[in-house]
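Have a look at the structure below, then the notes.
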Amino acid sequence: MGFNAKTEYGLVALLELVAVFPSSGILQVSQIASQQNIPDRYLEQMMISLRKAGILRSIRGPRGGYQLNRSPSEIALAEVINCLEGDTISAKTHTAIPIAIGVKPNNSEAP
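Just so you know, the sequence shown maps onto residues 34 to 144 in my numbering.
Written out as structure tokens, the structure reads:
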């Protein structure tokens, strides 16, 4: 399954935020955009969509930016894709694949 550019960029931005999550890190759109070579304005639109969906929270002020609104293990890949591409994946799969690489889903029995 291929993703459109909006979804691809959104997933890359989320992975940047996952990397700073353990330290309660906040990243500005300009930081993510320059690290990933994504146009600032385009990335800002995706971040707003993710914030409205409850995946991200925004922090105001000169040192503000975005951070994950909850643990990466609680954010399903399907939830992100549906937010950025529209409701394309059934709700049944929302808990199947967490966004954090190497993190088991909460309902997983696997080692």
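Positions of the beta carbon are idealized from the N, C-alpha and C atoms, including for glycine.
As the structure is a computational prediction, the values presented were derived from the model and not from experiment.
Rounded to the nearest angstrom, what separates E77 and K85 at their Cα positions? In a straight line, the C-alpha of E77 is about 12 angstroms away from that of K85.
For S106 versus Y99, is the C-beta spacing smaller than 7 angstroms? It is not a contact, given that the beta carbons lie outside the stated cut-off.
Please identify the residue among S63, L47, A52 whose C-alpha is closest to the C-alpha of V113. That would be L47, whose Cα lies nearest to the Cα of V113.
Could you tell me whether the Cβ atoms of K39 and L117 are closer together than 7 angstroms? Closer than 7 angstroms, so yes.
Just to confirm before moving on: does the CB-CB distance between Y42 and I65 stay below 7 angstroms? The Cβ-Cβ distance between Y42 and I65 does not fall below 7 angstroms.
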